[in-house]
Amino acid sequence: MAEAKRRSSLGFVVRPMKLTGKTLANALFAGKPNTVMYPYQKLDLPIGYRGKHIVDFKRCIGCSNCVQICPNDCMWMEKLEDPELGKIERPGVDYGRCLFCGLCVEVCPTVAIHESVEFELADHERSKLKYGPKELRDDTFAGKITEERQKRMLPVLDMSKCTSCEKCAGECPEMAIAMMPVEGVGKSKPEINLAKCNSCKKCEAVCPESALKMEEVYESYFEMPEPKFLLMSCTGCGACARACPADVIYMMEMPGTEKTLKDGKKGKPKKRAVFVLEKCVGCGKCFRACKFSAIEWPGVRK
Amino acid sequence: MRDKVVTMAERRKSDGNEFMERASSRIDSVPEEKLIRSLMNAFPEGVTGFTKVRDGLVRAKLDRRDILKACRFLRDELGFEHLSMISAVEYDDRFEIVYHITSYQNKLLLELITRTSKEDPSVDSVSSIWGGANWQERESYDLMGIRFIGHPNLERILLPKDYTYHPLRKDFKGG
Amino acid sequence: MNLYEFCYGIIEWLVNLVNHLWYWLGDVLPWWFGDFFDAVGNFAASDGHLSVMTIFLEVLIVVIIALVNVLNFIWIFRKFMGRMFDFYGPYYVGYRIGGWLQNLADGMKLFVKEIIVPAKADKMGYLLAPVIYIGSSILILATIPFSENFGVATNESGAYVPAGALFALAAFAIAPFSILLAGWASNNKYTLIGGMRSAAQMMSYEIPLLMTVASVFLLAGSFGFVDIVGAQHDIWFGIPLFIGLLVFLVCLAAEVEIIPFDLPEAEAELVEGWTTEYGGMRFGMFYFTTTIRSYAGGALATALFLGGWHGPAVIPDEIWFLIKAYIVYTIFQWMTWSLPRVRVDQILGIGWKRLLPLAVINLMIAVALKSMGWF
Amino acid sequence: MAEMWINMGPQHPMTHGLWNLRVKVDGETIVDAQPEVGYLHRGIEKLCEGKTYPQIIPLADRLCYGSSLTWSHLYCMAVEDLMNVEVPERAEYIRVLTIEMQRIVSHLMWLAAYAGDLGLGVGFVYTMREREVFLDLFQSLTGARITYNYPRIGGVAHDLPPNFERDTLRAISFFEGRLKEYEDLFEGSKIFMMRNVGVGLLKKEDALNQGVTGPTLRASGVSYDLRKDRPYSVYEEMDFNVASRKEGDCYARYRVRMDEMYESCQIMKQALKKMPKGKWRVVAPRNAPVGTGLARVEDPRGEGMIYVVGDGSDKPYRVKIRSPIFVTVSAAPKILIGYKVADVVAIMGGLDMCIGETDR
């Protein structure tokens, strides 16, 4: 414990003056005063500083996770027409409301949004504070900073090509792949347990239709929800497949459900949605897109 | 058959010794059991449902009618000098008023949960026992609308005096 | 060659120049017109008029030099405080000379500020208070000479204002009156309390101040500045009367309302003290006057205790006087910025219970020294 | 002079933050005092019921912006208690390190305001300069200076940046030297002592009864410190002693906080030494089970508590926040009566008020 030192009688004035004198001396002669003259001299900020956002258009899949996590709902998705990426949806930020809390950077499944060190965002009108996706775009930023979240090469299934030949299930040394029958479609599809997979690439090699591809997947700190699918109320309209940014949902025909039309010909069979949950990023778009509430989202209290 | 309990009064009489010295010999090994046993003896029907959540935290349900007696007993007999928090929670069918009471000597936190019906959420006030409860009760009245009988000046503290709603009620939709 | 002869020369040359005009008019115009201008010419050349104009010119020169020094004091006050607080202090306005023009910039800003007179304020008192305050303070500047032959003198022999120091202290003591007037006239309950408290503080510190000055008069044997400084030729009065010097400085802090005794900003309820209702250049005058008074205090301290312009001849006397005044002011500021504020009742307590006895002891020392004949 | 009510209102140079102290004055001495709060009420508890669990962390930061990290950490502990999430070892050590650094920053801001109130401009500027050293450390660690949003449910947001230990140790040794210098600056001058010793006496019985906690209570003779008596996180491994004084006046409160700053330096050194390698964060569930969660933390201003009620969804059903200053301010009349109006500045400054958490 730093005990208070004895106080000499002359301590009435002299001891504090000694300290201020020392500061005066080193500010005048020894060094420069402690302050920085802001507009002319700038402080250099550490890399982790949370300033203006930067969106990497190539990585972003438009899943709007960042828009949902934002505590002050200052982000919004904007539909854009990009020469090489086609019709895309990218986030914009309203810096009039932004807290610079960095939650959007954490929740992004493909680490497409970063925070640069630039903080001078003041402007004359409030409307100018709304930065659209174009102003936030900088595709080369990802290379410049060190990645903090670990990346793993994981097999990603493309259901349209899979003929459920079960070769990959047999091949996997870690028994991470199990063939699960898809109800109503009669085929089965491989369920990959990403925790057990040690990315040995064997299943990718053995698959005849090359339906399995190894892709970089970032580990996420937010628990991925398991949307539950109710086959009964699914009308096969495909709205969820179109809405899903990470193309997790495939519309598969269900053989034997064709209806005979009036003129005796066989109609097209009913379709149902098949979920490849390893690719799910938990954005909830399918849940909102489904008009017939065939998808149940755990724990959302309206 | 109650064993010798070191009361607050005795402790204050023993002048000279520093207030916080732990006379560990007289309090038996685990203070939580001793607290539960003495409370059970004092209020057999009032205090029910004891659970020891973790070491240092005991939870109990308390009947609405004898809050005042229980709190006075706690403070004077068992040495619970400090009322940490009074929180009011509105459930679908009932109001719950949760008292968190701390004892500095045996380093214990007691969580007393009292229930009141949805229509008249009124409890008698403990501000006569602990001065610190005065403002906390006013805040619960102000935000949740729970009347504390016997409170010196039960009026709004955080919101303007002429505000009519109780904002923390579930039916208050940010009007 | 002292200031009086220098100014007398200028005035004489000027009057002769102008008289050509009067006498020419006197000849040209008809009889009684001409006589009138001849009379004006004679009057201008008369001895009395010349000496009056000389004194007027002297005062003008001395006061302007003092005011330039006061501007320097404000600059020291800010730059020095900045460096003690570990930041730059005024920098951009005139940055080659270390931000010295910041004072002028503030002055101009205050000039253009709108002058608001509170509605129910007593107009006469409200307008008069700053005038008295700054008037009496500038009066002090005129009486303090910078050196043997550079000060306001009444005739060629360089005889200065007869009781210069006494006159300076008398002018110094007028301020409480203007503060009371300002506090009362601005018709605001809090400024009234503030005014009364400030006046009480000033008056209660006047007595120890005058006691220490009395001990200096005793040793020097005269009230004039030149004699006092002359008496300090071999030993400065500050050395035997060291207690006097300390008491003088502390009383000065209270007079000028600087941090340890800073009443106006101190109070929880008198937010700004008696200057609350003043705006624009009136407040500027109050602010400028506090620095004038601290310069006057510093100059008095050097003249009375630190042997005025005595110093090794390599530096001219006037510069010695200014160097000592600047050093006194810098130490003054250093003490100010290292101490917290004293509470109201403690201020008066220190004044009566601590400083008065010390002043009396100091007086006794002076009497002892005088009676032993050393001075 | 007849007794009159003086309104040291919300916009007063003496009050730090938006609250109003109505003081009944008889001449110079105070006869009665009535604090009024509620000017900064943002309805945080109602806001929490509309946000998901991770979204509330930046909101919890803004409870008391002077020591925002302790409040978001307290919220995360309460939710971890509700969801019974096991926090990895390294995260606990990082949390203790950042809490103690936040305590120093909070105490330094208090010391700056206190010195500024008493008229010591130099004290204000020096403490703010020392505070900058720690704010730079926080900036490199979390990315922000005041509201960090650093703790997460199940750990912390980022790992320590490269050579963070070296910078912290250098900052601590630099700061300990400066702490010695403050002894000269503050206690060296007799005027500071004249304004502090014997002013704003709070007896032990009043402090206990009024529910005052934290440095104000420890200055009145009750040496109760949650970190020592009911250790949470990894405070068992840290050995430090609790700073407490007997007198209970303004000087005692000042002395307790200065010693606490010294102790925090020791704790930070130990935390850095004993910090294990490994994971710093665990994936927290999105939905919380039905039940209640409770957490108690030794805030720089007193005993902070959060009581969370979960109802199985991803949004909390009820969040109750116990703010230490809300209760300490209710004891203000007990401390103020009998002193001069000029003492109100010193007494209220000594309580280290933070209005953000009082009004919630």
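Residue numbers (the working numbering), protein chains in the order written: chain A, 1 to 302; chain B, 1001 to 1175; chain C, 2001 to 2375; chain D, 3001 to 3360. Using N, Cα and C, we set each Cβ at its ideal position, and we do this for glycine too. Note that the coordinates shown come from a computational prediction; the quantities given were computed from them, not determined experimentally.
Leaving aside the five residues that flank glutamate 2318 (chain C) on each side, the residues in its chain whose CB is nearer than 8 Å to its CB run, in chain order, Phe2146, Ser2147, Phe2150, Trp2309.
Nearest neighbour of serine 220 (chain A) by Cα position, chosen from A:Ala195, A:Leu230, A:Lys18, turns out to be A:Ala195. For glycine 2194 (chain C), the enclosing alpha helix (DSSP H) covers residues 2189-2220. By the neighbour-count criterion, in which a residue is buried when 16 or more other Cβ atoms sit within 10 angstroms of its Cβ, serine 1117 (chain B) is exposed. Residue D:Phe3192 holds the alpha-carbon nearest to the alpha-carbon of proline 16 (chain A) among D:Asn3287, D:Arg3022, D:Val3242, D:Phe3192. For phenylalanine 2087 (chain C), the nearest CB of chain A lies under 8 Å from its own CB, placing it at the interface with that chain.
Taking the Cβ atoms as the reference, glycine 3214 (chain D) lies roughly 5 Å from proline 3324 (chain D), within the contact range of under 8 Å. One alpha carbon belongs to alanine 2045 (chain C), the other to threonine 2276 (chain C), and they sit about 51 Å apart. Using a Cβ-Cβ distance cut-off of 8 Å, the segment 2339-2347 of chain C and the segment 3014-3026 of chain D are not in contact, since fewer than three pairs of beta carbons, one from each stretch, lie closer than that value.
For phenylalanine 3164 (chain D), none of the residues of chain C pass the 8 Å Cβ criterion, the least Cβ distance being about 26 Å. Sorting C:Pro2118, C:Phe2080, C:Gly2351, C:Glu2012 by C-alpha distance to the C-alpha of tryptophan 2184 (chain C) places C:Pro2118 at the top. The beta carbon of glutamate 3080 (chain D) does not come within 8 Å of any beta carbon belonging to chain A, so the residue lies off that interface.
In the structure shown, serine 1103 (chain B) adopts extended strand secondary structure according to DSSP, grouped into three states. Against proline 3324 (chain D), chain A offers no close residue; the least beta-carbon distance is about 23 Å (beta-carbon pairs closer than 9 Å). Neighbours of phenylalanine 222 (chain A) in chain D, taken as residues at a C-beta separation under 9 Å, are given in chain order as Pro3054, Val3283, Ala3284, Arg3286. Distance from the Cα of serine 1125 (chain B) is smallest, within the candidate group B:Ile1086, B:Tyr1104, B:Asn1106, B:Lys1161, for B:Ile1086. Setting aside the 5 residues that flank it on each side, isoleucine 3146 (chain D) is surrounded in the same chain by Tyr3065, Ser3068, each with a C-beta closer than 7 Å to its C-beta; the list follows chain order. Note on geometry: alpha-carbon atoms of leucine 3336 (chain D) and isoleucine 3030 (chain D) lie some 7 Å from one another.
Here the C-alpha atom of tyrosine 38 (chain A) lies approximately 18 Å from the C-alpha atom of glutamine 3139 (chain D).
Shown here, phenylalanine 229 (chain A) sits in a strand according to DSSP, grouped into three states. No Cβ of chain A is located within less than 8 Å of the beta carbon of proline 3151 (chain D).
DSSP places alanine 1060 (chain B) outside any alpha helix (DSSP H); the residue lies instead in the beta strand (DSSP E), whose first and last residues are 1057-1062. A straight line joining the alpha-carbon of glycine 2230 (chain C) with that of serine 2157 (chain C) spans about 16 Å.
Annotated three-state conformation of histidine 124 (chain A) is coil, per DSSP.
With a threshold of 16 other beta carbon atoms within 10 Å, leucine 1109 (chain B) meets it and is buried. Separation of the CB atoms of leucine 3179 (chain D) and methionine 3261 (chain D) is rounded to 6 Å, and the pair is thereby assigned contact status at 8 Å. Counting the other CB atoms within 10 Å of its CB gives histidine 3041 (chain D) a total of 16 or more, which places it among the buried residues.
For valine 3329 (chain D), the enclosing alpha helix (DSSP H) has its first and last residue at 3324-3330.
For tyrosine 131 (chain A), DSSP records a beta bridge to A:Val93. Remark: C-beta atoms of leucine 2169 (chain C) and alanine 2199 (chain C) do not approach each other more closely than 8 Å. Against chain B, the beta carbon of methionine 3353 (chain D) has no neighbour under 8 Å; the closest one sits roughly 14 Å away. Distance from the CA of serine 1140 (chain B) to the CA of tyrosine 2095 (chain C), rounded to the nearest whole angstrom, comes to 59 Å.
Going by beta carbons, isoleucine 2144 (chain C) and alanine 2299 (chain C) fall inside the 8 Å limit.
Every alpha helix (DSSP H) of 4 residues or more that sits fully in the segment 2242-2328 of chain C is shown, in chain order, as 2242-2256, 2280-2305.
For phenylalanine 2167 (chain C), the closest of C:Phe2248, C:Glu2005, C:Ala2296, C:Asp2345 by C-alpha to C-alpha distance is C:Ala2296. By the Cβ rule, the segment 2042-2062 of chain C does not count as touching the segment 2073-2083 of chain C, because fewer than three pairs are nearer than 8 Å.
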